[in-house]
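**Q**
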Amino acid sequence: MSSGFVAVTVVVRRGTGQPLAAPHLHSRGFSEDPKALEPAVRKVEAELESLVAANVTDPIRIAQGVRRTVGKWVGETYRRQPMIVPTVIEV
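Residue numbering for the sequence shown follows UniProt numbering, starting at 1 and increasing by one per position.
Shown next, in the form of structure tokens:
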């Protein structure tokens with residue numbers, strides 16, 4: 001049985017990793033309610049702040065942190081393990 005997926009898009013400043021816009025989360029297959037993901041947006045924002053404080057600027061490491069954060073939240077909240085697809089856009 002499929003647990004669906006969650007796509008997470010974050011826009012960060014190249015070289016600093018500073019977020020330039022709020023993260024965008026979109027899900028399919030486990031919760032179609034956009035408001036259901038609002039707590040996850042706050043978790044991702046906190047993770048991005050933590051990564052900036054740790055001087056993490058590599059988009060791959062940012063994506064890993066986002067994937068880990070969203071996966072943990074979804075697992076604890078819904079007891080599901082959807083595929084997490086993070087996209088980090090550097091500008």
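Note that CB positions come from ideal geometry on N, CA and C, so glycine has one too.
Kindly indicate which residue of 87, 9, 83 and 38 has the alpha-carbon position closest to the one of residue 30.
**A** Minimum Cα distance to residue 30 is reached at 83.
**Q** Are the stretch 52-69 and the stretch 9-22 in contact at 8 Å, needing three or more beta carbon pairs?
**A** Yes, since at least three Cβ pairs between the stretch 52-69 and the stretch 9-22 fall closer than 8 Å, the two stretches touch.
**Q** Who does residue 27 pair with in a DSSP beta bridge?
**A** Paired residue(s): 6.
**Q** From this set, 3, 69, 6 and 12, which residue's C-alpha is nearest residue 42's C-alpha?
**A** Minimum Cα distance to residue 42 is reached at 69.
**Q** So which of 36, 57 and 4 has the shortest CA-CA distance to residue 10?
**A** Closest option to residue 10, Cα to Cα, is 57.
**Q** Let me check understanding here. Comparing Cα to Cα, which of 79, 72 and 66 lies closest to residue 50?
**A** Here the closest residue by C-alpha is 66.
**Q** If you count every other CB in all the chains shown that lies within 10 Å of the CB of residue 87, and 16 or more means buried, which is it?
**A** With fewer than 16 other Cβ atoms within 10 Å, it is exposed.
**Q** Quick one: using the 10 Å Cβ neighbour count with 16 as the cut-off for buried, is residue 54 buried or exposed?
**A** Residue 54 should be labelled exposed.
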